[in-house]
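Peer 1: I have a structure I would like to understand better, so I am pasting it below and will then ask my questions one at a time.
Number of protein chains: 2
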Amino acid sequence: MWRPFFEQYHLIIVQDGDPSKKIRVPDGFDYQLYNRNDVNRILGPKASCISFKDSACRCFGYLVSKKKYIFTIDDDCFVAKDPSGKEINALEQHIKNLLTPSTTHFFNTLYDPYREGADFVRGYPFSLREGAPTAVSHGLWLNIPDYDAPTQLVKPLERNTRYVDAVMTVPKGTLFPMCGMNLAFDRELIGPAMYFGLMGDGQPIGRYDDMWAGWCMKVICDHLGLGVKTGLPYIWHSKASSPFVNLKKEYKGIFWQEKAIPFFQSVSLPKECSSVEKCYLALAGEVKSKLGEVDPYFIKLADAMVTWIEAWNMVNSPGEKPAMTSLPNATSKK
Amino acid sequence: MWRPFFEQYHLIIVQDGDPSKKIRVPDGFDYQLYNRNDVNRILGPKASCISFKDSACRCFGYLVSKKKYIFTIDDDCFVAKDPSGKEINALEQHIKNLLTPSTTHFFNTLYDPYREGADFVRGYPFSLREGAPTAVSHGLWLNIPDYDAPTQLVKPLERNTRYVDAVMTVPKGTLFPMCGMNLAFDRELIGPAMYFGLMGDGQPIGRYDDMWAGWCMKVICDHLGLGVKTGLPYIWHSKASSPFVNLKKEYKGIFWQEKAIPFFQSVSLPKECSSVEKCYLALAGEVKSKLGEVDPYFIKLADAMVTWIEAWNMVNSPGEKPAMTSLPNATSKK
Chain A
1 MWRPFFEQYH LIIVQDGDPS KKIRVPDGFD YQLYNRNDVN RILGPKASCI
51 SFKDSACRCF GYLVSKKKYI FTIDDDCFVA KDPSGKEINA LEQHIKNLLT
101 PSTTHFFNTL YDPYREGADF VRGYPFSLRE GAPTAVSHGL WLNIPDYDAP
151 TQLVKPLERN TRYVDAVMTV PKGTLFPMCG MNLAFDRELI GPAMYFGLMG
201 DGQPIGRYDD MWAGWCMKVI CDHLGLGVKT GLPYIWHSKA SSPFVNLKKE
251 YKGIFWQEKA IPFFQSVSLP KECSSVEKCY LALAGEVKSK LGEVDPYFIK
301 LADAMVTWIE AWNMVNSPGE KPAMTSLPNA TSKK
Chain B
1 MWRPFFEQYH LIIVQDGDPS KKIRVPDGFD YQLYNRNDVN RILGPKASCI
51 SFKDSACRCF GYLVSKKKYI FTIDDDCFVA KDPSGKEINA LEQHIKNLLT
101 PSTTHFFNTL YDPYREGADF VRGYPFSLRE GAPTAVSHGL WLNIPDYDAP
151 TQLVKPLERN TRYVDAVMTV PKGTLFPMCG MNLAFDRELI GPAMYFGLMG
201 DGQPIGRYDD MWAGWCMKVI CDHLGLGVKT GLPYIWHSKA SSPFVNLKKE
251 YKGIFWQEKA IPFFQSVSLP KECSSVEKCY LALAGEVKSK LGEVDPYFIK
301 LADAMVTWIE AWNMVNSPGE KPAMTSLPNA TSKK
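Order-wise, the sequence lines are chains A and B. So for the first sequence, full-length UniProt numbering puts the first residue at 1; every next one is plus one. So for the second sequence, full-length UniProt numbering puts the first residue at 1; every next one is plus one.
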């Protein structure tokens, strides 16, 4: 189903769980597949920052990619149709979103002013019409909405059938729940902030990987003057995960997010933090000192954030050969 | 065209310009019509705060209304149709918007979570799901978009044909360009902040009446924890006003808004300001001291803001008889 839309791009597949299992990738795709053994070999002791048995492992793909634009998608997401019945080219829309600026400093009531047939409305200050470079494009889902376990339990039959034909900028200073199901970003602008945290195997929490990345990323985008969009494109989310399993994974997160969100709403980064890496390390320090009091998990997470940046720099430092070029047999995902 | 939608409501018509001209109101409407003579008689010397020969005069209707919900609409706005061809009941949608809370503190990616078929997505903190009371509902326009004169000049043929099926909260801390063409608000929650300023006859500026009200209102809503929504309902905006006339009216505003917006983005109201009236008076003081340096017009405007609150209190004080009940012949609008 995705073939006509993905064929011309490079795929990185991060295989979660048992590395001895074989994943069959259909013919005709340019791809790399990485399993846990590859992660361990490439990162050595720093592999500890990459989650296991959780969708958070995907961020390893961001780290080893050499592309400017990354699109990440879940395996139960398929091509959606627009109201006219036409199949939606999600990637094309994400790239449009990333190539046009964001309106981070002032709200435009007619939505994305850079879109054909739209513009800035009366009263939009002219000095702000250049907008901000867009770092992240957050796409939405038709059919199964991205609900938490309590909402899934209460509304098992709810389906998202509303196609909202809009792309919005999430304004500066406003946090949002970033879902990793249908997400694109500019790796050069924001890559090192897209760490999906410590989740799954051996960790007290799951299903907060994308949320964690979203909070960290948004604070850093706000600090660096980068934009974040949400809205189009839609994908078709085919199956709801089990609300019972999800409740187990989310349980601690439901409490912790009540502390984490005020933290992210009020955290401020020092002016000297002029790169994503510097911002991320400063944020890790704040997480350790402020959220460490909430639960020791956040101390471990803060350390993993530092390890992630070390791993990023190791794999991406200009002097080093890209890890994957020395691994012709390594296969991969995203 | 509006008859089936407006018939059951009370109309206040504020007649602008020459008071000796007769306005014919179709039969069957419950209405009051106020002309300039009525404004002068009711407000006495305080009538100076009500603009003449400018759409800003409409705020006199807000002041004399005794209703909880106000809907204000321009005379070139007609009933729009949704994509299925059904006529849109704009008032019904505005009232829905005002009766359901806003999501001011956190962005919900599936838009209005209080709407049927939608909810809060995964990662939306549970403590924030009560939302904030909604004070303002800002509707949009199909056909002629609300563009400023420079954009009208550059894009004379642009029409808004995109029906975006969404209602959004404008997040706390974010300003937006509020258009008075299709606007509803809860008079009890925010009425005294809906002053449309000094525009038109004898003033150096026009077409910034609704913008001014929007900036003031948003700062006060943010301070008081009230919500502002934008999006549905659409109306059909039938004719573009002349870009040449508009440029004359807007000319100074184009420069001034570059100073006014940073002012509103950074102004903060003292904690003691616990009512809209107190907030508005504090804001008038800030306007005088901070924007007075930009142009003496803002000193005059700040004084008019104070006069407006005095007029509001005079007409609306619990001890006083409502002005209009003692004026059985007075006719009226909104």
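C-beta: ideal position from N, C-alpha, C; glycine also. This structure is a prediction, so every number in the text was calculated from the model and none was measured.
Can you have a look at residue 214(A) and say buried or exposed, based on whether 16 or more other CB atoms are within 10 angstroms of its CB?
Peer 2: Locating residue 214(A) in the first sequence gives position 214, counting from the first residue. The residue is buried, with at least 16 neighbouring Cβ atoms inside 10 Å.
Peer 1: Determine the DSSP secondary structure at residue 73(B), reduced to helix, strand or coil.
Peer 2: Residue mapping note: residue 73(B) aligns to position 73 of the second sequence, counting from 1. Residue 73(B): strand per DSSP, three-state reduction.
Peer 1: Looking only at its own chain, which residues have a Cβ that is under 8 Å from the Cβ of residue 166(A), when we skip the five neighbours before and after it?
Peer 2: Numbered from 1 along the first sequence, position 166 holds the residue referred to as residue 166(A). Counting only Cβ-Cβ distances below 8 Å, and skipping sequence neighbours, we find 111, 112, 231, 232.
Peer 1: Hey, residue 253(A) and residue 208(A): beta-carbon distance below 8 Å or not?
Peer 2: Residue mapping note: residue 253(A) aligns to position 253 of the first sequence, counting from 1. Residue mapping note: residue 208(A) aligns to position 208 of the first sequence, counting from 1. Going by C-beta atoms, residue 253(A) is nearer than 8 Å to residue 208(A).
Peer 1: For the alpha helix (DSSP H) holding residue 94(B), just list the boundary residues, first then last.
Peer 2: For this step, residue 94(B) is matched to residue 94 along the second sequence. Note, residue 94(B): alpha helix (DSSP H), 90-99.
Peer 1: Under 8 Å between beta-carbons, which chain A residues line up against residue 175(B)? List them in chain order, please.
Peer 2: As a first step, residue 175(B) must be located in the second sequence, where it is residue number 175. Chain A residues near residue 175(B): 106, 107.
Peer 1: Which residue's Cα is closest to the Cα of residue 172(B): 300(B), 265(B), 185(B)?
Peer 2: One-based indexing of the second sequence puts residue 172(B) at position 172. Answer by Cα proximity: 265(B).
Peer 1: Below 8 Å on the Cβ atoms is my guess for residue 303(A) versus residue 256(A); work out the distance and round it to an integer in Å.
Peer 2: Working through the first sequence from its first residue, we reach residue 303(A) at position 303. Working through the first sequence from its first residue, we reach residue 256(A) at position 256. Between residue 256(A) and residue 303(A) the Cβ distance is about 17 Å, and since that is not below 8 Å, they are no contact.
Peer 1: Beta carbons nearer than 9 Å to chain A: which residues of the region 125-136 of chain B have them?
Peer 2: From the region 125-136 of chain B, only 125, 126, 127, 128 have a Cβ closer than 9 Å to chain A.
Peer 1: Taking DSSP's pairing of strands, which residues face residue 168(A) in a bridge?
Peer 2: Along the first sequence, one-based indexing puts residue 168(A) at 168. For residue 168(A), which the question treats as bridged, DSSP gives the partners 230(A).
Peer 1: Output needed in chain order: residues of the region 33-62 of chain A with a Cβ under 7 Å from some Cβ in chain B.
Peer 2: For the region 33-62 of chain A, which is checked against every Cβ of chain B, not one residue is closer than 7 Å.
Peer 1: If we cut at 8 Å on Cβ distances, does residue 337(B) have a partner in chain A?
Peer 2: Nothing in the structure corresponds to residue 337(B), since chain B is present only between 1 and 334.
Peer 1: Excluding the 5 residues preceding and the 5 following residue 129(B) in the sequence, name in chain order all residues of the same chain whose CB lies nearer than 7 Å to its CB.
Peer 2: Within the second sequence, the letter at position 129 stands for residue 129(B). 120.
Peer 1: By Cβ distance below 8 Å, which residues in the same chain neighbour residue 77(B) in space, the five residues on each side in sequence not counted?
Peer 2: Translated into positions along the second sequence, residue 77(B) becomes position 77. Closer than 8 Å at Cβ, skipping near neighbours: 141, 181, 182, 235, 236, 237, 238.
Peer 1: Residue 69(A) and residue 162(A) - do their beta-carbons sit closer together than 8 Å?
Peer 2: Position 162 of the first sequence holds residue 162(A). Position 69 of the first sequence holds residue 69(A). For residue 162(A) and residue 69(A), no; Cβs fall outside 8 Å.
Peer 1: Reducing DSSP to helix, strand and coil, say where residue 40(B) ends up.
Peer 2: Counting from 1 along the second sequence, the entry for residue 40(B) is found at position 40. Of the three classes helix, strand and coil, the one that applies to residue 40(B) here is helix, per DSSP.
Peer 1: Using a Cβ-Cβ cut-off of less than 8 Å, give me the residues of the region 87-103 of chain B that come near chain A, in sequence order.
Peer 2: From the region 87-103 of chain B, no residue has a Cβ closer than 8 Å to chain A.
Peer 1: If we ignore side chains and look at the alpha-carbon of each, how far apart do residue 109(B) and residue 176(A) end up?
Peer 2: As a first step, residue 109(B) is located in the second sequence; it is residue number 109 there, counting from the start. As a first step, residue 176(A) is located in the first sequence; it is residue number 176 there, counting from the start. Each residue's alpha carbon lies about 7 Å from the other.
Peer 1: Specify, as a first and last residue, the run of the alpha helix (DSSP H) that residue 62(A) falls within.
Peer 2: Reading the first sequence from its first residue, position 62 is the one you call residue 62(A). 59-64 is the span of the alpha helix (DSSP H), which, as asked, contains residue 62(A).
Peer 1: To the nearest angstrom, report how far apart residue 1(B) and residue 93(A) are at their CA atoms.
Peer 2: What you label residue 1(B) is simply residue 1 of the second sequence in a count that begins at 1. What you label residue 93(A) is simply residue 93 of the first sequence in a count that begins at 1. Computed Cα separation, rounded: 39 Å.
Peer 1: Can you have a look at residue 55(B) and say buried or exposed, based on whether 16 or more other CB atoms are within 10 angstroms of its CB?
Peer 2: Position 55 of the second sequence holds residue 55(B). With 16 or more Cβ atoms within 10 Å of its Cβ, residue 55(B) is classed as buried.
Peer 1: What residues match up with residue 186(B) in a beta bridge as DSSP calls it?
Peer 2: To locate residue 186(B), count along the second sequence from 1; it is residue 186. For residue 186(B), which the question treats as bridged, DSSP gives the partners 69(B).
Peer 1: Just checking: is the beta-carbon of residue 336(A) within a distance shorter than 8 Å of some beta-carbon in chain B?
Peer 2: Nothing about residue 336(A) can be reported from this structure: the residues present for chain A run from 1 to 334 only.
Peer 1: Grab the span of the beta strand (DSSP E) containing residue 32(B) for me, first residue to last.
Peer 2: For this step, residue 32(B) is matched to residue 32 along the second sequence. Element bounds for residue 32(B): 30-34.
Peer 1: On the criterion of 16 or more Cβ atoms from any shown chain inside 10 Å, does residue 325(B) qualify as buried, or is it exposed?
Peer 2: Start at 1 with the first residue of the second sequence, and residue 325(B) comes out as number 325. With a pLDDT of only 37 at residue 325(B), under 50, the local geometry of the prediction cannot be trusted, and the value read off the model is given with reservation. With fewer than 16 Cβ atoms within 10 Å of its Cβ, residue 325(B) is classed as exposed.
Peer 1: On the CB-based measure, 16 or more other CB atoms within 10 Å of its CB, does residue 218(A) come out buried or exposed?
Peer 2: Position 218 of the first sequence holds residue 218(A). Buried: at least 16 other Cβ atoms inside 10 Å.
Peer 1: How big is the Cα-Cα spacing for residue 199(B) and residue 63(B)?
Peer 2: Position 199 of the second sequence, counted from the start, is the residue given in the question as residue 199(B). Position 63 of the second sequence, counted from the start, is the residue given in the question as residue 63(B). Each residue's Cα considered, the two are about 17 Å apart.
Peer 1: Quick one: grab the DSSP three-state call for residue 235(A).
Peer 2: The residue labelled residue 235(A) in the question sits at position 235 within the first sequence. Residue 235(A): strand per DSSP, three-state reduction.
Peer 1: Given that residue 111(A) touches chain B, what residues does it touch there, using C-beta distances under 7 Å?
Peer 2: Here residue 111(A) refers to the residue found at position 111 when the first sequence is read from its first residue. Neighbours of residue 111(A) on chain B, chain order: 164.
Peer 1: Between which two residues does the alpha helix (DSSP H) containing residue 260(B) stretch?
Peer 2: Within the second sequence, numbered from 1, the residue matching residue 260(B) stands at position 260. Unbroken alpha helix (DSSP H) run through residue 260(B): 243-266.
Peer 1: Assign residue 99(A) to buried or exposed, taking buried as 16 or more other Cβ atoms, counted over all protein chains shown, within 10 Å of its Cβ.
Peer 2: Here residue 99(A) refers to the residue found at position 99 of the first sequence. With fewer than 16 Cβ atoms within 10 Å of its Cβ, residue 99(A) is classed as exposed.
Peer 1: For residue 201(A), count neighbouring C-beta atoms within 10 Å of its own C-beta (all shown protein chains included) and say buried if the count is 16 or more, exposed if not.
Peer 2: Numbered from its first residue, the first sequence carries residue 201(A) at position 201. Residue 201(A) is exposed by the Cβ-count criterion.
Peer 1: Straight-line CA distance for residue 271(B) to residue 132(B)?
Peer 2: The residue given as residue 271(B) occupies position 271 in the second sequence. The residue given as residue 132(B) occupies position 132 in the second sequence. Cα to Cα, the separation comes out at about 18 Å.
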